[in-house]
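**Q** Sequential numbering of the sequence shown, starting at 7, is according to our numbering. Below is a structure I'd like to ask you about.
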Amino acid sequence: MFCPTCSSEYLEGINRCAECDVELVAELPGSDHDGPPLRVARVCGAADADMIEELLENNGIDVVLQGERTALTIPAAGTLTDVRVWVQESDMTKAEELIEAFFERSDESIPADPEGEGEV
Ligand SMILES: [Zn+2]
Numbered sequence: 007m008f009c010p011t012c013s014s015e016y017l018e019g020i021n022r023c024a025e026c027d028v029e030l031v032a033e034l035p036g037s038d039h040d041g042p043p044l045r046v047a048r049v050c051g052a053a054d055a056d057m058i059e060e061l062l063e064n065n066g067i068d069v070v071l072q073g074e075r076t077a078l079t080i081p082a083a084g085t086l087t088d089v090r091v092w093v094q095e096s097d098m099t100k101a102e103e104l105i106e107a108f109f110e111r112s113d114e115s116i117p118a119d120p121e122g123e124g125e126v
């Protein structure tokens, strides 16, 4: 079930969006985009989500984030901020590549061989 206003996904059996107080729908209505948004990533932490959003938007990809606002207004201790990243189907492949590169880069904080430029 989805909230037509904020696009949050809810488990079956829940009929209203707790945030927007509107009735959930089985599927998000097709807007003027070229298809329903697809989830490309799920990250823990609003900081990562913000960076991914910026990264994708800088590459011309329309991004929809879910979860960050809830996390900001309800800072429950011990609750991981579960942010889902959605993009349009046409941007999916590019977005996945960018997100993959983003996480690879953050894993390798130490340059492997800064002076070894000879090997190409
Ligand atoms: Zn909602």
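Backbone N, C-alpha and C define an ideal beta-carbon position, used for all residues, glycine too. Values in this document were obtained by computation on a predicted structure and should not be read as measured data.
1) Within its chain, find whatever has a CB closer than 6 angstroms to the CB of residue 44; leave out the 5 residues flanking it on each side and keep chain order.
2) Whole-angstrom Cβ separation of residue 89 and residue 49, contact assumed at under 8 angstroms?
3) Can you tell me the Cα-Cα spacing of residue 100 and residue 54, whole angstroms?
4) Suppose you measure from the CA of residue 28 to the CA of residue 22; what does that come to, to the nearest Å?
5) Excluding the 5 residues preceding and the 5 following residue 107 in the sequence, name in chain order all residues of the same chain whose CB lies nearer than 7 angstroms to its CB.
6) Roughly how many angstroms lie between the CA atoms of residue 14 and residue 69, to the nearest whole one?
7) With 16 as the cutoff for other CB atoms within 10 Å, does residue 91 come out buried or exposed?
8) Return yes when the Cβ of residue 58 is within less than 8 angstroms of the Cβ of residue 105, no when it is not.
**A** Checking against the coordinates, here is how it stands:
1) 95 and 98
2) 5 angstroms
3) 18 angstroms
4) 5 angstroms
5) none
6) 14 angstroms
7) buried
8) yes
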